[in-house]
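So the sequence shown is numbered by full-length UniProt numbering: it starts at 1 and just counts up by one.
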Amino acid sequence: MLAGPTAVGKGTVSADVRARYPQVWLSVSATTRSPRPGEVDGVHYLFVSPEEFDRMVAAGEMLEWAVVHGHNRYGTPRRPVEQKLAAGVPVLLEIDLQGARQVRDAVTASGLEARFVFLAPPSFDELVRRLVGRGTEDSEERERRLATARVELAAEEEFDVTIVNDDVHRATDALVAFMGVGSTTPVAG
Numbered sequence: 001m002l003a004g005p006t007a008v009g010k011g012t013v014s015a016d017v018r019a020r021y022p023q024v025w026l027s028v029s030a031t032t033r034s035p036r037p038g039e040v041d042g043v044h045y046l047f048v049s050p051e052e053f054d055r056m057v058a059a060g061e062m063l064e065w066a067v068v069h070g071h072n073r074y075g076t077p078r079r080p081v082e083q084k085l086a087a088g089v090p091v092l093l094e095i096d097l098q099g100a101r102q103v104r105d106a107v108t109a110s111g112l113e114a115r116f117v118f119l120a121p122p123s124f125d126e127l128v129r130r131l132v133g134r135g136t137e138d139s140e141e142r143e144r145r146l147a148t149a150r151v152e153l154a155a156e157e158e159f160d161v162t163i164v165n166d167d168v169h170r171a172t173d174a175l176v177a178f179m180g181v182g183s184t185t186p187v188a189g
């Protein structure tokens with residue numbers, strides 16, 4: 001499980017895992033937020049209406065879900081994760097702090113094994129630079145996300161390991177090695 005504050009590069013590292021380590025299955029989260037430029041429905045996220053998200057939660061179809069940054073909802077559809085785990089496929093969940101806590105509780109209750117990775121920025125200033133540079137949030141949303149990031153950074157000790165994302169390939173390789181994936185040799189890319 002990969003978690004960390006906004007703009008730390010969770011999506012970038014996850015995409016690098018997808019590209020370089022095809023033996024790892026990356027869970028696709030559902031969200032009620034609008035797609036960012038370049039995001040593809042079903043690849044980066046399952047973009048669903050608030051009503052569909054409510055239906056999925058009510059039907060018990062979410063492994064975890066949370067309201068993030070005050071208004072958008074994100075969640076991990078349960079069935080695909082359970083199917084991959086049952087087949088022995090290494091699974092990576094990219095989620096926020098709230099979701100990580102929910103999954104930790106679920107894993108503890110079920111007796112499953114999971115490893116919890118905190119992806120950290122090299123510095124808070126770098127996190128701010130990445131968020132501003134992304135250019136996808138207005139100033140009010142940026143401030144909301146930075147306030148959330150401060151809380152998330154304070155929770156780093158709840159995780160099994162911290163990986164500093166100062167280089168995407170290096171962070172990806174450290175993540176996959178920590179996951180204990182059989183072959184940690186990346187494909188060319």
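Glycine included, each C-beta is placed from N, C-alpha and C at the ideal position.
As the structure is a prediction and not an experimental result, all values here were calculated from the model.
{"Item": "Every unbroken alpha helix (DSSP H) inside the region 52 to 138 [4 residues or more]", "Value": "78 to 86, 97 to 110 and 124 to 134"}
{"Item": "Counterpart residues of L2 in DSSP-defined beta bridges", "Value": "E94 and V117"}
{"Item": "Buried versus exposed call for D96 [16 or more other C-beta atoms within 10 Å across all chains shown]", "Value": "buried"}
{"Item": "Cut-off 8 Å between Cβ atoms - residues of its own chain near S49, not counting five sequence neighbours on either side", "Value": "T32"}
{"Item": "Simplified DSSP state of D41, which is helix, strand or coil", "Value": "strand"}
{"Item": "A7 in three-state terms, based on DSSP", "Value": "coil"}
{"Item": "At least three beta-carbon pairs within less than 8 Å, the region 17 to 31 to the region 132 to 144", "Value": "no"}
{"Item": "Alpha-carbon spacing of V164 relative to F124, whole angstroms", "Value": "12 Å"}
{"Item": "Neighbourhood of R78 by C-beta, 7 Å cutoff - its chain only, sequence neighbours within 5 removed", "Value": "E61, M62 and L63"}
{"Item": "Boundaries (first-last residue) of the alpha helix (DSSP H) holding V168", "Value": "V168 to M179"}
{"Item": "Residues near R115 by beta carbon distance below 8 Å, same chain, minus five either side", "Value": "M1, D160, V161, F178, M179 and G180"}
{"Item": "Selected residue, minimal CA-CA separation from L127, among S139, E140, S110 and R145", "Value": "R145"}
{"Item": "CB contact flag (L85, V24, <7 Å)", "Value": "no"}
{"Item": "Simplified DSSP assignment, three categories, for V17", "Value": "helix"}
{"Item": "Continuous beta strand (DSSP E) stretch holding T32: start and end", "Value": "First-last for T32: undefined, no H or E at that position."}
{"Item": "Of the residues K10, E51 and V103, the one placed nearest G111, counting alpha carbons only", "Value": "V103"}
{"Item": "Three-state class that DSSP yields for I164 in the structure shown", "Value": "The sequence shown places Val at residue 164, not Ile. In the structure shown, V164 sits in a strand (DSSP, three-state: E or B)."}
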